[in-house]
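A.B. asks: Submitted below is the structure of interest, expressed as structure tokens.
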Amino acid sequence: MTHTPGSNPGGATGTNPLWGGRFTTGASSLLEEINSSVHFDFRLAEQDVAGSIAHARMLVDQGVISVDEGQAIVNGLKIIAAEIAAGDLVLDRALEDVHMNIEARLHDLIGPVAGRLHTGRSRNDQVAVDTKLWVRDAIDRLDSLLADTIRVLAERAETHCADVMPGFTHLQCAQPVTVGHHLLAYGEMFLRDRDRLLDARRRLNESPLGAAALAGTSYPINPDQTAAELGFNGVFRNSLDAVSDRDFILDYVGAGATLSIHMSRLAEEIVIWSTPQFGFVTLPEDLSAGSSIMPQKRNPDAAELVRAKAGRVIGSLITLLTVLKALPLAYSRDMQEDKEALFDAADTLELCVRTTKAMLTGIVLHTKKTRADAEIGNATATDLADWLVAERGVPFRESHGIVGRVVKALEAEGRELRHADPEQLATLEPRFAGLPADVLIVDHAVARRTSPGGTAPIRVSEAAATLRKLNEQLSIKEPAK
Ligand code: ARG
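Heads up: the sequence shown begins at 1 in the working numbering, then just goes up one per residue.
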């Protein structure tokens with residue numbers, strides 16, 4: 001499709017045929033360059049056609065255009081939909097954006113009757129409805145990828161519910177935990193991410209179509225009808241707000257930024273765990289990369305990139321917030337700058353969740369190494385203090401001090417609790433006489449932590465089942481009205 005200035009019904013040669021009536025000269029190439037968005041907003045093409053078909057049908061039902069006119073418009077739009085699906089729609093930068101390109105193509109296909117489609121509508125409510133439809137689909141895609149990822153986490157957590165690993169605070173050895181428990185922590189984060197996405201979807205699902213440019217319209221339109229046809233649950237209540245609201249993008253990218261942070265935390269742990277020094281995991285070869293100079297290298301590139309791409313999603317969120325800040329009502333062209341940040345955030349998020357799921361599926365856990373390392377760093381010190389409380393009636397603050405002094409004494413000899421047996425401990429502190437050996441054993445330490453949400457294998461197994469259930473319940477979509 002090419003822009004044919006000669007066919008401009010409203011304006012001078014060289015002016016935009018869709019709004020050139022009050023212009024005598026066309027756009028400078030500079031304006032064309034800064035103004036045109038079709039090279040990115042072509043991604044709204046499918047949504048644009050769907051919105052236009054709904055609008056045309058409504059105009060017919062309301063008697064605003066004739067049945068024949070409506071039929072011609074809808075048929076033309078269906079041809080365009082097929083062209084879009086086949087990748088055949090030719091886009092012209094001089095026509096600014098995807099909306100004008102589609103309308104011009106409709107004119108090519110069905111002639112001047114195409115000009116009736118834009119009755120009672122503006123590009124302002126048009127772009128708002130298109131973008132909402134796009135974000136709604138993006139939420140559904142991301143949500144379903146996340147639900148799959150949670151399924152993988154729940155399954156792997158169940159498998160490793162009794163395998164022991166070090167638990168860290170400050171990245172220092174703290175207390176032993178189970179591998180399943182650690183994995184389920186990410187399951188909880190991703191479940192909240194899903195909840196935030198579904199919350200954003202629910203709030204988004206009101207149609208802005210019918211707000212027109214900013215003030216509504218004098219045509220007897222029926223926004224409820226277009227809303228229902230496009231799968232919205234309701235309709236805007238204020239036309240000024242409807243055309244200038246981009247909260248739904250902020251909600252989606254904001255939830256996405258939190259998700260990207262969660263993924264970056266997991267990715268960072270994978271990077272650390274896959275070092276030979278930690279040796280907790282091996283990333284599958286197909287998610288690792290080598291070095292051009294060091295033949296031995298196997299780098300966790302997939303994890304590093306997920307870690308880094310969080311910065312990109314956060315960047316998109318900042319772009320969006322900054323573009324919208326202090327914009328007066330109603331529509332301003334600034335809003336066109338929302339698209340690239342939105343699309344980039346969506347693409348990045350989907351790629352990162354798919355990569356995260358692949359890493360979680362393929363990662364090999366070295367549970368002998370994680371268990372051995374769980375003994376390092378006096379990780380059972382709290383268990384020892386707790387034993388004095390439970391079996392010798394010592395107040396916790398005092399037992400804390402006793403064990404601290406024991407650890408310090410061992411440290412002076414270059415040893416840790418794992419090198420000492422109960423008899424040796426009793427020589428350092430008489431109240432340890434009669435201490436059962438299992439208090440110092442990490443498997444027993446995790447098994448004792450049966451408090452709700454704790455790390456004991458029995459709790460982790462239950463928690464994996466609960467996570468699985470909550471994940472499936474959250475999949476239930478809001479009922480359409
Ligand atoms: N491409 C524009 C955008 O994305 C469409 C709206 C243009 N509206 C206008 N009044 N110029 O925001």
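Virtual Cβ for every residue (Gly too), placed ideally from N, Cα, C. Since this is a predicted model, take the numbers as computed values, not measurements.
Reducing DSSP to helix, strand and coil, say where Met-335 ends up.
C.D. replies: Helix, per DSSP.
A.B. asks: I want to check one thing, is the minimum distance from the CB of Ser-37 to the heavy atoms of ligand 1 below 7 Å?
C.D. replies: yes
A.B. asks: If I measure Cβ to Cβ from Ala-355 and keep anything under 8 Å in the same chain, skipping five residues before and after, which residues do I get?
C.D. replies: Looking at the sequence shown, residue 355 is not Ala but Thr. Contacts found: Leu-287, Ala-302, Leu-305 and Val-306.
A.B. asks: Could you give the distance in angstroms between the alpha-carbon of Arg-192 and the alpha-carbon of Thr-258?
C.D. replies: 10 Å
A.B. asks: What whole-angstrom Cβ distance do Ser-506 and Asp-344 have, given they're in contact under 8 Å?
C.D. replies: This structure cannot settle anything about residue 506, because the visible part of the chain is limited to 1 through 481.
A.B. asks: Tell me the DSSP secondary structure of Val-406 in three-state form.
C.D. replies: Looking at Val-406 - three-state DSSP - the assignment turns out to be helix.
A.B. asks: Would you mind stating whether Lys-132 and Leu-204 have Cβ atoms separated by less than 8 Å?
C.D. replies: In terms of Cβ geometry, Lys-132 and Leu-204 form a close pair [threshold 8 Å].
A.B. asks: Which parts of the stretch 344-406 are runs of the alpha helix (DSSP H), unbroken and 4 residues or longer, counting only runs that do not cross its ends?
C.D. replies: 367-374 and 381-392
A.B. asks: Which term fits Thr-322, buried or exposed, when burial requires 16 or more other beta carbons within 10 angstroms of its beta carbon?
C.D. replies: exposed
A.B. asks: If you draw a straight line from the C-alpha of Gln-277 to the C-alpha of Gly-362, how long is it?
C.D. replies: Distance between the alpha carbons of Gln-277 and Gly-362 is about 21 Å.
A.B. asks: Quick check: Glu-340 and Phe-42, are their CB atoms within less than 8 Å of each other?
C.D. replies: no
A.B. asks: How about Ile-53 and Gly-120: are their beta carbons less than 8 Å apart?
C.D. replies: Taking 8 Å as the cut-off, the Cβ atoms of Ile-53 and Gly-120 do not count as close.
A.B. asks: Use the C-beta contact count for Gln-47: other C-beta atoms within 10 angstroms, 16 or more gives buried, fewer gives exposed.
C.D. replies: buried
A.B. asks: Which of the three DSSP states is assigned to Met-263 in this structure?
C.D. replies: Helix at Met-263.
A.B. asks: Which value, in whole angstroms, describes the spacing of the CA atoms of Gly-234 and Arg-298?
C.D. replies: Near 53 Å, if we compare the C-alpha coordinates of Arg-298 and Gly-234.
A.B. asks: Would you mind listing the alpha helix (DSSP H) stretches within the stretch 120-203 that are 4+ residues and don't spill past its ends, in chain order?
C.D. replies: If you keep only unbroken alpha helix (DSSP H) runs of at least 4 residues inside the stretch 120-203, you get 123-159.
A.B. asks: For the alpha helix (DSSP H) holding Lys-469, just list the boundary residues, first then last.
C.D. replies: DSSP places Lys-469 in the uninterrupted alpha helix (DSSP H) bounded by 457-474.
A.B. asks: Helix, strand or coil for Gly-256 per DSSP?
C.D. replies: helix
A.B. asks: Is Phe-190 near Thr-149, with beta carbons less than 8 Å apart?
C.D. replies: With respect to the 8 Å criterion, Phe-190 and Thr-149 are classified as neighbours on the basis of their beta carbons.
A.B. asks: Pick helix, strand or coil for Ser-274, following the three-state DSSP scheme.
C.D. replies: Here Ser-274 sits in coil by DSSP.
A.B. asks: With distance defined between alpha-carbon atoms, name the residue in Lys-469, Val-271 and Ala-447 nearest to Arg-459.
C.D. replies: If you compare the alpha carbons of Lys-469, Val-271 and Ala-447 with that of Arg-459, the shortest gap goes to Ala-447.
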